[in-house]
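So the sequence shown is numbered by the UniProt record's numbering: it starts at 1 and just counts up by one.
The beta-carbon is built from N, C-alpha and C at its ideal position, and this holds for glycine as well.
Source: prediction; values computed, not measured.
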Amino acid sequence: AAAGAAGRAGARGYRAALCTQLAGPLQLRELPPRALQPHQVRVGVHYCGLNFADILACQGLYQEKHALPFTPGEQQPDCITCLLTPIHNVFWQGCRVVGVPGTTAMAEECVVDQKMLWQVPEGVSSEDAAVLPVTYGTATLVLQHRACVQPGETVLVTAGAGATGLAVIDLAVNIFKAKVIAAAGSDAKCELALQRGASHSVNYSRSSLRDEVKRLTDGRGANVAVEAVGGDIFKAALQSLAWEGRIVVMGFAGGKIPSIPANLLLLKNVSAMGVYWTRYQEENFPVFSSTMSSALRYCQEGKIHPHIGAVFKLEEVNEAFNHVLQRQSTGKVVISMQ
Ligand SMILES: NC(=O)c1ccc[n+]([C@@H]2O[C@H](COP(=O)([O-])OP(=O)(O)OC[C@H]3O[C@@H](n4cnc5c(N)ncnc54)[C@H](OP(=O)(O)O)[C@@H]3O)[C@@H](O)[C@H]2O)c1
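In structure tokens form, the structure reads like this:
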């Protein structure tokens, strides 16, 4: 497949999923090859991870707006790529790389800044590598850089069977040696989170998150809450914290951006903080890059195990979007170009 893609690249154009109308279905189009800047390389995409942010961007609801038409994943993609056209650096020729493209991502081909490529080590499958960039990158930032999770602490994670949720569980348990309470919207998702390393689970569609966390921690509460849903779930997670607890705002998958009653921070000496992985590209590239290289290393060492819930073909991209939007997905949803 790599050789086939290599033959196509730069010569006959390539297929891409385009958002031509906000909240409308994506269109598959053949695009002409893009011109390269000196620091860029052209890569053939084998797998591309689907992020919740891609869906929000195509609905016009993401914090960064794109001019139409655009290819989802332009700013925040997970791409596993096979390099096709080395520019200055022959090192990359034929390597399996994982990258964060600045242009078209949900496509058979994309253009990537050289510094946004990481070589995939032997022993790490291309599918696993495609899961790492946004999910494990964000989870590393949350646990290590923002919340500074300590061994033995209890981490509560919402949307716990989702792509980023399972990455949080994997890293918290296997790297940071914490205990995890996974909160999710169905019994099947709770069961999956337990299989992937969580000590306890709470189905927040039928029980009180706050009461359950209190019960599971003998009244103490969680030391860290990683929150991706927003609305009332955010408030319940904040109220579930222990003394000197930390809550990290990761996203608003439920669609409602919550407010924080400041008295809740005061009463238990709690800290509230945010995380935005992509922003570290500009603000602190060494930290951004280290989240990628450490995830690849942990994967190669067999310490972490990315979970792919479903693989869709490029022509099934609208089904893939609906699968996530309808809360059917678990783990990472991946688009295969093959
Ligand atoms: N800040 C960052 O840098 C960063 C990085 C990665 C992701 N995120 C954010 O983190 C969140 C999770 O992203 P992800 O890619 O890992 O997605 P995901 O968790 O795989 O999928 C979203 C999950 O959110 C939950 N959810 C609750 N209400 C929902 C609703 N009304 N519609 C759809 N889903 C709903 C569902 O889980 P349940 O059924 O279990 O509730 C669903 O499976 C998103 O808000 C995303 O934007 C932020």
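About 18 Å separates the beta carbons of Y136 and A253, which is beyond the 8 Å limit, so they are not a contact pair.
If the five residues before and after C58 are omitted, its C-beta is found closer than 8 Å to the C-beta atoms of C19, L22, A23, L26, P72 and F321, all from its own chain and listed in chain order.
Taking 4 residues as the shortest admissible run, the stretch 141-226 contains the following complete alpha helix (DSSP H) segments, listed from N- to C-terminal end: 163-174, 187-195 and 209-216. Judged by their CB atoms, V149 and A107 are not nearer to each other than the 9 Å cut-off. Under the 8 Å Cβ criterion, the stretch 221-230 counts as touching the stretch 147-161, having at least three qualifying pairs. In this structure, Y47 and E127 form a Cβ contact; the two beta carbons are roughly 6 Å apart against a cut-off of 8 Å.
Secondary structure at S336: strand, using DSSP grouped into helix, strand and coil. Rounded to whole angstroms, E122 and A236 show a C-alpha spacing of 43 Å. Exclusion of Y47 from the 8 Å shell around ligand 1 follows from its C-beta lying no nearer than that to any non-hydrogen atom of the ligand. When DSSP assignments are scanned along the stretch 37-70, the uninterrupted stretches of alpha helix (DSSP H) that are 4 or more residues long and fall wholly within it turn out to be 52-58. Note: L83 is bridge-paired with V43 in the DSSP secondary-structure output. The alpha-carbon separation between W118 and E191 amounts to approximately 33 Å. The residue from T330, A310, L325 and R297 with its alpha-carbon nearest to that of S336 is A310.
In this structure, the C-beta of T138 approaches ligand 1 to less than 8 Å from one of its heavy atoms. With a cut-off of 8 Å on Cβ pairs, the stretch 170-179 is not in contact with the stretch 279-291, counting fewer than three such pairs. N51 has its Cβ nearer than 8 Å to a heavy atom of ligand 1.
Ranking V168, I181 and I80 by CA distance to the CA of V131 puts I80 first.
Look at the stretch 243-292 and you find these whole runs of beta strand (DSSP E), each 3 residues long or longer: 271-274. For S205, the shortest C-beta to heavy atom distance toward ligand 1 is below 8 Å. In the DSSP assignment, K313 falls within the unbroken beta strand (DSSP E) covering I308 to K313. In this structure, the beta-carbon distance from S201 to L194 falls below 9 Å. Following the DSSP letters along the chain, one finds E30 inside the beta strand (DSSP E) bounded by residues Q27 to L31.
Rounded to whole angstroms, the separation of the alpha carbons of V124 and E301 is 9 Å.
Under the three-state reduction of DSSP output, A17 falls in the strand class. With a cutoff of 8 Å, K332 counts as near ligand 1, since its C-beta is closer than that to a heavy atom of the ligand.
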